[in-house]
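These notes concern the structure reproduced below.
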Amino acid sequence: MNTDFRKSTVYQIYPKSFRDTNGDGLGDLRGVIEKLDYIKELGADYIWLTPFFVSPQNDNGYDVEDYYRIDPRYGAMEDVEELIAEADKRGMGLMFDMVFNHVSTRHEWFRRAMEGDPYYKEFFFFRKGKENGDPPTNWESKFGGNAWEYVEKFDEYYLHLFDVTQADLNWANENVRKEVQKIVRFWMDKGVKGFRFDVINLISKAGFADDETGDGRKFYTDGPNIHKYLKELNAATFGHDAQIITVGEMSSTSLENCYQYAGRDAGELTMVFSFHHLKVDFMGNEKWVLVPTDFQKLKNILFRWQTGMEEHNAWNAVFGCNHDQPRVVSRFGDDEKYWKESAKMLATIVHCLRGTPYVYQGEELGMTNADFTDISQFKDVESLNHYQILQDKGLSASDALRIVQIHSRDNGRTPMQWDDSQYAGFTDEGGDAPWIGVNGNHSRVNVKAQLADPDSIFHYYQKLIALRKELEVISCGDIHPLAENHPSVFAYRRTYEGHELIVAANFYGRTCQWKEAPDLTGFGRVIGNYAEESRPADGVWILQPYETAVWYR
Ligand code: TEU
Ligand code: CA
0 MNTDFRKSTV YQIYPKSFRD TNGDGLGDLR GVIEKLDYIK ELGADYIWLT PFFVSPQNDN
60 GYDVEDYYRI DPRYGAMEDV EELIAEADKR GMGLMFDMVF NHVSTRHEWF RRAMEGDPYY
120 KEFFFFRKGK ENGDPPTNWE SKFGGNAWEY VEKFDEYYLH LFDVTQADLN WANENVRKEV
180 QKIVRFWMDK GVKGFRFDVI NLISKAGFAD DETGDGRKFY TDGPNIHKYL KELNAATFGH
240 DAQIITVGEM SSTSLENCYQ YAGRDAGELT MVFSFHHLKV DFMGNEKWVL VPTDFQKLKN
300 ILFRWQTGME EHNAWNAVFG CNHDQPRVVS RFGDDEKYWK ESAKMLATIV HCLRGTPYVY
360 QGEELGMTNA DFTDISQFKD VESLNHYQIL QDKGLSASDA LRIVQIHSRD NGRTPMQWDD
420 SQYAGFTDEG GDAPWIGVNG NHSRVNVKAQ LADPDSIFHY YQKLIALRKE LEVISCGDIH
480 PLAENHPSVF AYRRTYEGHE LIVAANFYGR TCQWKEAPDL TGFGRVIGNY AEESRPADGV
540 WILQPYETAV WYR
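For what it's worth, our numbering labels the leading residue of the sequence shown as 0, then goes sequentially.
Shown next as structure tokens:
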């Protein structure tokens with residue numbers, strides 16, 4: 000298989016919503032095996048699977064009860080082994096999602112802690128409350144409410160940065176770090192070729208005090224020992240195998256820390272996910288509001304990360320969608336009139352950047368946000384909590400619903416649309432209804448239709464993924480931002496050993512003019528979303544609604 004991460008593309012699967020083979024309404028591992036040829040046809044090199052370990056599923060598997068066993072709803076260990084072997088046969092590697100900032104409160108370690116076993120109590124953060132009866136600190140849980148849960152029998156609280164059933168692990172305890180290493184080695188021995196580490200930059204806590212100015216994140220984000228812990232994990236596990244790629248999911252991180260996390264010789268991780276570019280429709284860090292996308296901010300952030308990481312020989316993961324995000328075509332494009340054009344435009348911007356692109360299941364079809372109209376259709380704990388919190392703050396139920404419809408993580412979790420049948424081919428007809436509603440537009444947006452259409456979004460992604468393997472200017476080149484202050488154009492130049500690439504995109508649904516566009520003499524168009532080629536005349540490039548094109552010399 001191709002193990003050069005610069006030339007690779009990762010396909011992300013949320014198994015619960017990908018393909019259900021036994022008609023119980025839940026996606027499963029056999030469903031992933033069944034669709035390997037599809038992923039191969041797209042051209043992906045790695046398949047990232049979100050967690051399928053034993054779990055009560057309060058956060059869809061990000062609450063792990065046992066890292067060594069498979070949740071029977073997803074399948075069995077034999078299925079995982081078969082999946083790894085079948086992917087390998089097709090030249091693809093599996094990337095597993097390891098959640099090590101916290102465990103489910105049903106994990107044996109936490110249960111033993113709750114029995115009062117001092118060895119296991121040290122695996123977590125148990126602390127006394129304040130004298131006035133308040134929790135130890137004022138930190139907020141990412142899913143709403145205070146981040147500490149009271150345990151009466153100890154008269155103490157435990158820390159949970161996420162759901163109350165996700166208890167934070169104490170990485171300062173060497174025994175925790177040893178257990179984590181054991182788990183990583185176990186999956187390496189099974190033949191896993193990559194790891195994604197969930198919110199890994201939150202594992203080192205700086206201490207416990209009230210945050211006078213914020214929600215607590217400054218006490219645990221990119222904490223004091225984070226680089227030490229990552230270097231140690233690397234040296235004890237995947238650092239021994241040059242073929243393994245790793246990506247750290249970095250919550251609210253800083254560029255300066257990412258130089259190290261993903262620095263070529265830092266001995267930490269291969270690459271990082273950061274999310275600043277997806278907070279451009281937030282108010283600061285506040286997600287549960289409705290504000291228009293700040294396009295200038297989006298460009299500034301992406302370019303700053305692109306050039307900054309390059310200067311420091313560090314590597315980005317690049318993406319517009321995942322299982323925690325609304326669908327990018329609904330978010331930054333137009334999922335109606337210019338659905339196809341805008342989906343292709345957004346794909347082009349991401350796939351020609353310097354970094355490893357990630358495609359989230361259904362993105363390659365231009366899947367859109369969920370079409371839910373009632374709160375009962377939403378399943379995500381974060382959405383349901385914030386629906387309540389918004390109303391507690393005084394919003395009407397319909398205003399709260401509107402915000403949830405726009406920002407909910409469930410937008411990315413509706414079943415994969417394979418065909419136009421009742422359940423979109425996610426569950427076969429006659430099976431149980433899928434665990435979460437199928438989008439009504441599956442009659443039009445589905446794999447079957449797109450495989451038959453040479454001009455489909457699927458085939459466009461396929462071509463972008465192939466171009467990264469063909470052109471080293473895409474995989475290895477330097478990046479130079481263009482049109483930085485233009486109100487509608489997103490453009491950049493890539494250069495590598497005398498080769499050049501110009502990527503141009505109109506980010507909006509109105510025709511626009513790019514004055515002072517680059518001279519394209521000697522260039523040829525390698526991909527674009529309009530049949531007719533456009534190029535600058537007298538330095539002015541007129542771009543049609545959502546038009547994008549990539550030119551190469
Ligand atoms: O998400 C990390 C994270 O920081 C989330 O708060 C994310 O920003 C949020 O979902 C968007 O509002 C990871 C996983 O990807 C997510 O699915 C888990 O719920 C979370 O960690 C806890 O494990
Ligand atoms: Ca199933």
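The beta-carbon is built from N, C-alpha and C at its ideal position, and this holds for glycine as well. Nothing here was measured: the structure is a model prediction, and the numbers come from that model.
Q: Compute every distance between the C-beta of Leu-25 and the non-hydrogen atoms of ligand 2, then say whether any falls below 6 Å.
A: Correct: Leu-25 has its Cβ closer than 6 Å to ligand 2.
Q. Which first and last residues belong to the alpha helix (DSSP H) in which Gly-354 is found?
A. Counted as a single uninterrupted DSSP element, the stretch harbouring Gly-354 is not any alpha helix (DSSP H), since DSSP gives it neither H nor E.
Q.
Going by DSSP in three states, Pro-14 sits in which element: helix, strand or coil?
A. Looking at Pro-14 - three-state DSSP - the assignment turns out to be helix.
Q. Out of curiosity, what's the CA-to-CA distance linking Asp-264 and Phe-425?
A. Rounded to whole angstroms, Asp-264 to Phe-425 spans 43 Å at the Cα level.
Q.
If you follow the beta strand (DSSP E) that Asp-210 is in, where does it begin and where does it stop?
A. Neither: Asp-210 is in no beta strand (DSSP E) and is coded neither H nor E.
Q. Measuring from the CB of Tyr-61, is there a heavy atom of ligand 1 at a distance below 6 Å?
A. Tyr-61: yes, Cβ under 6 Å from ligand 1.
Q: Report, in whole angstroms, the separation of the C-beta atoms of Gly-624 and Leu-345, which I expect to be a contact under 8 Å.
A: No answer is possible for residue 624: the residues shown for the chain start at 0 and end at 552.
Q: Spatial neighbours of Thr-234 within its chain, please: CB distance less than 8 Å, with the 5 preceding and 5 following residues excluded, ordered by chain position.
A: The sequence shown places Ala at residue 234, not Thr. The beta carbon of Ala-234 lies closer than 8 Å to those of Gly-266 in the same chain, with the five residues before and after it left out.
Q.
For ligand 1, I want to know if Phe-161 counts as a neighbour, meaning its beta carbon is within less than 6 Å of at least one of the ligand's heavy atoms.
A. Phe-161 Cβ: within cutoff of ligand 1.
Q.
Please report the distance separating the alpha-carbon of Asp-36 from that of Ala-369.
A. Straight-line Cα distance between these residues: approximately 27 Å.
Q. Helix, strand or coil for Phe-161 per DSSP?
A. Residue state, collapsed to three classes: coil.
Q. Val-549 by DSSP, collapsed to three states: which one?
A. The answer is strand: DSSP assigns Val-549 an E or B state.
Q. If you measure from the CB of Asp-19, is any heavy atom of ligand 2 nearer than 6 Å?
A. Within 6 Å of the C-beta of Asp-19 there is at least one heavy atom belonging to ligand 2.
(Q) Taking the alpha carbon of Asn-21 as the reference point, which residue from Tyr-73, Gln-360, Tyr-228, Val-446 has its own alpha carbon closest? (A) When only C-alpha atoms are compared, the closest one is Tyr-73.
Q) Would you say Val-358 and Ala-342 are within 7 Å of each other, going by their C-beta atoms? A) Val-358 places its beta carbon 7 Å or farther from that of Ala-342.
Q.
If you follow the alpha helix (DSSP H) that Ser-572 is in, where does it begin and where does it stop?
A. There is no way to answer for residue 572, as the model of the chain reaches only from 0 to 552.
Q) beta strand (DSSP E) containing Gln-512: first to last residue? A) Judged by DSSP secondary structure, Gln-512 falls within the beta strand (DSSP E) whose first and last residues are 511-513.
Q: Give me the Cα-Cα distance between Phe-95 and Ile-244, rounded to the nearest whole angstrom.
A: So the alpha carbons of these two residues sit roughly 11 Å apart.
Q: Out of Gly-132, Ala-313, Phe-51, Gly-206, point me to the one whose CA is closest to Gln-259's CA.
A: Ranked by Cα distance from Gln-259, the options Gly-132, Ala-313, Phe-51, Gly-206 are led by Ala-313.
Q: Give me the Cα-Cα distance between Arg-18 and Gly-361, rounded to the nearest whole angstrom.
A: Taking the straight line from one Cα to the other gives about 12 Å.
Q.
Please classify Gly-476 as buried or exposed, where buried requires at least 16 neighbouring CB atoms within 10 angstroms.
A. Label assigned to Gly-476: buried.
Q: Examine the Cβ distances between the segment 130-137 and the segment 161-178 and report whether three or more of them are shorter than 8 Å.
A: No: the two stretches stay apart, fewer than three of their Cβ pairs being nearer than 8 Å.
Q. Touching or not, the segment 446-461 and the segment 276-285, by the rule of three or more beta carbon pairs under 8 Å?
A. They do not touch, by the three-pair rule.
Q: Measure the Cβ-Cβ separation of His-311 and Tyr-13 and say whether it is below 7 Å.
A: No. Outside cutoff.
**Q.** With 16 other Cβ atoms within 10 Å as the buried cut-off, status of Asn-377
**A.** Rather than Asn, the amino acid found at residue 377 in this sequence is Phe. Counting Cβ neighbours within 10 Å, Phe-377 comes out buried, since at least 16 surround it.
Q.
Beta-carbon within less than 7 Å of Trp-108's beta-carbon, same chain only, minus the 5 sequence neighbours each way: which residues are those?
A. Counting only Cβ-Cβ distances below 7 Å, and skipping sequence neighbours, we find Val-102, Tyr-119, Phe-122.
Q.
Please state whether the Cβ-Cβ distance between Leu-254 and Gly-307 is less than 7 Å.
A. Taking 7 Å as the Cβ cut-off, Leu-254 and Gly-307 qualify as a contacting pair.
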